[in-house]
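Asks: Adding 125 to a residue's 1-based position in the sequence shown gives its number in my numbering.
Even glycine gets a Cβ: it sits at the ideal position worked out from N, Cα and C.
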Amino acid sequence: MTDSPGQCAKCGACTVVCPVFQAGRRESLSARGRLHLLERLDPAQASTAYAEILSQCLLCGACRSVCARALDPPARFIGARERLEKTAGQQLLLRTITRKALSSPTLLAAIASLGRPLLDRLPADSGLRLRLGLPQVRAHLPAVLPESPRETTTPPTLAFFPGCYATHLHREIIEATERLAAIFSTNRPIAPKQQCCCGLAAESGGEITAAKRLAKQNILAFSGNTLPILTSCASCYSQLRRYPQLFADEPEWQARSRAFAGRLLEFSTFVAQGITGDPTFRFAEPGKSRTVVYHDPCHLRFQPEFTAPPREILRSIPGLRLAELANGPQCCGQGGLFHLAQPELAATIRDRLLNQLALAQPDLVTTTCSGCLTQIQQGLGQDPTRPEVRHLAILLAELL
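(1) Please identify the residue among Thr492, Gly288, Arg206 whose C-alpha is closest to the C-alpha of Cys182.
(2) By the three-class DSSP mapping on this structure, what secondary structure does Glu513 have?
(3) Quickly, what does DSSP pair Tyr175 with across the bridge? List them, please.
(4) From the DSSP output, in three-state form, read off Thr401 for me.
(5) Quick one: give me the first and last residue of the beta strand (DSSP E) that Arg381 is part of.
(6) How would you write the range of the alpha helix (DSSP H) that Ile354 sits in, first residue to last?
(7) How would you call Glu391, buried or exposed, if buried means at least 16 neighbouring beta carbons within 10 angstroms?
(8) Ends of the beta strand (DSSP E) at Phe431?
(9) Check the C-beta distance from Leu524 over to Pro411 and give it rounded, since I have them as a contact under 8 Å.
(10) Does the Cβ of Gln364 have 16 or more other Cβ atoms within 10 Å, making it buried, or fewer, making it exposed?
(11) Whole angstroms are fine: how far does the CA of Arg165 sit from the CA of Ile354?
(12) List the residues that DSSP assigns as beta-bridge partners of Thr416.
(13) Tell me which residues share the same chain as Ser251 and place their Cβ nearer than 7 Å to its Cβ, disregarding the 5 neighbours each side in the sequence.
(14) Just how far apart, CA to CA, sit Gly158 and Ala522?
(15) Beta carbon of Phe408, beta carbon of Ile442: below 8 Å?
(16) In chain order, what residues of the same chain lie with their CB nearer than 7 Å to the CB of Gly137, ignoring the 5 residues before and after it?
(17) Whole angstroms are fine: how far does the CA of His295 sit from the CA of Ala284?
(18) Hey, would you say Pro422 sits closer than 8 Å to Cys361, going by beta carbons?
(19) So Leu478 and Cys457 are in contact, right, with Cβ under 8 Å, and what is the actual spacing, rounded?
(20) Measure the CB-CB distance between Val396 and Leu305 and report whether it falls below 8 Å.
(21) If you drop the 5 nearest sequence neighbours on each side, which residues of the same chain put their C-beta closer than 6 Å to that of Ala316?
(22) Could you check the C-alpha separation between Ala511 and Ile299 for me, to the nearest Å?
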């Protein structure tokens with residue numbers, strides 16, 4: 126997507142919806158303020174203060190959703206970050222290590238293989254467990270009937286992109302998604318081993334070359350078939366769908382990326398379609414009545430076609446009462462590596478969400494974004510009176 130002709134009208138619509146501006150109330154924290162700077166100063170000659178301003182953006186797209194001139198500020202900010210020669214934000218070493226690991230499938234797999242056995246032994250109330258977004262109690266999923274012919278005798282009709290979080294830290298999401306796929310398609314999906322990080326962290330940090338390299342690897346990994354590609358992480362889905370924009374200047378790869386993006390299937394949309402297509406299917410009723418809030422990941426919450434399906438699913442389950450936040454969907458403040466670079470702003474944004482959750486008084490918070498899961502879990506802490514936080518796939522798989 127490219128911006129419409131003309132510049133920012135300075136109308137201020139973005140300030141009303143921007144979670145960062147609402148947290149800090151400074152003009153430099155709004156899309157309007159950053160665009161004003163970009164119109165006058167080349168990021169290549171940016172000062173450290175200028176670089177800091179550009180880093181204080183979640184790239185959530187709230188500003189884009191309300192812009193009367195159809196501008197795409199997040200795209201401009203990513204382009205500006207690519208040109209920056211100054212670093213900004215806090216925890217630079219941790220952010221660098223994280224980006225390097227995500228950009229290297231071999232390194233990420235090696236770290237995970239060494240660390241996961243140790244992490245599995247962490248106490249349930251360990252701060253490190255919470256910091257990494259690991260489940261407090263390992264989910265016990267019901268087994269899909271082994272005699273199901275759809276799972277054992279027919280070829281798969283889906284491919285699967287689980288994302289780094291599910292692959293390396295929270296494999297219960299993969300198991301849950303596969304079992305749901307076996308119910309609503311012909312078999313468990315196939316997941317090519319060559320797939321890697323979606324590239325969201327790299328592109329958000331302005332590392333476009335790394336983002337393109339990861340995108341090419343994913344496109345090639347799924348080139349062995351033409352099956353729809355089921356995704357279980359909202360942020361990964363959003364980034365994978367951006368590949369044609371990433372390759373706007375490379376005609377061959379843009380064509381391939383368009384074909385790839387056209388195959389993507391978002392998780393809650395897939396399940397909602399499965400329920401509609403099978404009038405006999407019913408999720409089991411939970412053991413007790415529960416109030417649930419669905420948290421809309423920012424990467425999808427400005428598009429009604431993605432906000433409706435998870436709610437349709439939850440409303441269809443007897444014993445679940447869907448509650449909405451009083452002020453509507455709220456950002457959690459995670460934003461890829463934003464919570465590392467800008468921890469104070471991220472915490473303020475998260476606290477606004479937690480206050481809204483407290484008013485709704487849910488027993489359970491569910492979402493499909495791995496980053497949001499981690500951020501909300503960290504915010505709620507280990508207080509046993511606070512709601513559980515679970516990926517939607519795990520919640521649904523337990524009710525098969």
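Replies: With the structure as the only source:
(1) Along the sequence shown, one-based indexing puts residue 182 at 57. Answer by Cα proximity: Arg206.
(2) Within the sequence shown, residue 513 is the residue found at index 388, counting from 1. DSSP places Glu513 in strand when its eight states are reduced to three.
(3) Here residue 175 corresponds to residue number 50 of the sequence shown, with the count starting at 1. In the DSSP output, where bridge partners are listed per residue, Tyr175 has none listed.
(4) Here the question's residue 401 lines up with position 276 in the sequence shown. Thr401 falls in the helix class under three-state DSSP.
(5) Taking the sequence shown and counting its residues from 1, one reaches residue 381 at position 256. Unbroken run through Arg381 is the alpha helix (DSSP H), 376-386; no beta strand (DSSP E).
(6) Residue mapping note: residue 354 aligns to position 229 of the sequence shown, counting from 1. Unbroken run through Ile354 is the beta strand (DSSP E), 354-356; no alpha helix (DSSP H).
(7) The residue labelled residue 391 in the question sits at position 266 within the sequence shown. Answer is buried; the Cβ neighbour count reaches 16.
(8) Position 306 of the sequence shown, counting from 1, holds the residue named residue 431. Counting along the chain, Phe431 falls outside any beta strand (DSSP E), though it belongs to the alpha helix (DSSP H) covering 429-440.
(9) Numbered from its first residue, the sequence shown carries residue 524 at position 399. Numbered from its first residue, the sequence shown carries residue 411 at position 286. That belief holds up - the Cβ atoms of Leu524 and Pro411 are roughly 7 Å apart, short of 8 Å.
(10) Here residue 364 refers to the residue found at position 239 when the sequence shown is read from its first residue. Buried: at least 16 other Cβ atoms inside 10 Å.
(11) Here residue 354 refers to the residue found at position 229 when the sequence shown is read from its first residue. Here residue 165 refers to the residue found at position 40 when the sequence shown is read from its first residue. Roughly 42 Å between the two C-alpha positions.
(12) Here residue 416 refers to the residue found at position 291 when the sequence shown is read from its first residue. DSSP output for Thr416 lists Arg446 as bridge partner(s).
(13) To locate residue 251, count along the sequence shown from 1; it is residue 126. Only weak support is given to the placement of Ser251: the predicted model assigns it a pLDDT of 45, under 50, and the value that follows is read from those uncertain coordinates. Answer for Ser251: no residue qualifies.
(14) Stepping through the sequence shown from its first residue, residue 158 is reached at position 33. Stepping through the sequence shown from its first residue, residue 522 is reached at position 397. One C-alpha to the other measures close to 45 Å.
(15) Numbered from 1 along the sequence shown, position 283 holds the residue referred to as residue 408. Numbered from 1 along the sequence shown, position 317 holds the residue referred to as residue 442. Going by C-beta atoms, Phe408 is nearer than 8 Å to Ile442.
(16) Locating residue 137 in the sequence shown gives position 12, counting from the first residue. Excluding sequence neighbours, Gly137 sits near Arg157.
(17) To locate residue 284, count along the sequence shown from 1; it is residue 159. To locate residue 295, count along the sequence shown from 1; it is residue 170. About 19 Å.
(18) One-based indexing of the sequence shown puts residue 422 at position 297. One-based indexing of the sequence shown puts residue 361 at position 236. Cβ distance not < 8 Å, so Pro422 and Cys361 don't count as in contact.
(19) On the sequence shown, position 353 is the one that residue 478 refers to. On the sequence shown, position 332 is the one that residue 457 refers to. That pair is a contact at about 5 Å.
(20) Looking up residue 396 in the sequence shown gives position 271. Looking up residue 305 in the sequence shown gives position 180. Yes, Cβ-Cβ distance for Val396 and Leu305 is below 8 Å.
(21) Residue numbering aside, residue 316 sits at position 191 when the sequence shown is read from its first letter. Taken in chain order, the residues that qualify are Phe285.
(22) Locating residue 511 in the sequence shown gives position 386, counting from the first residue. Locating residue 299 in the sequence shown gives position 174, counting from the first residue. Reading off the sequence shown, one finds Arg at residue 511, where the question assumed Ala. Approximately 26 Å between the Cα atoms of the pair.
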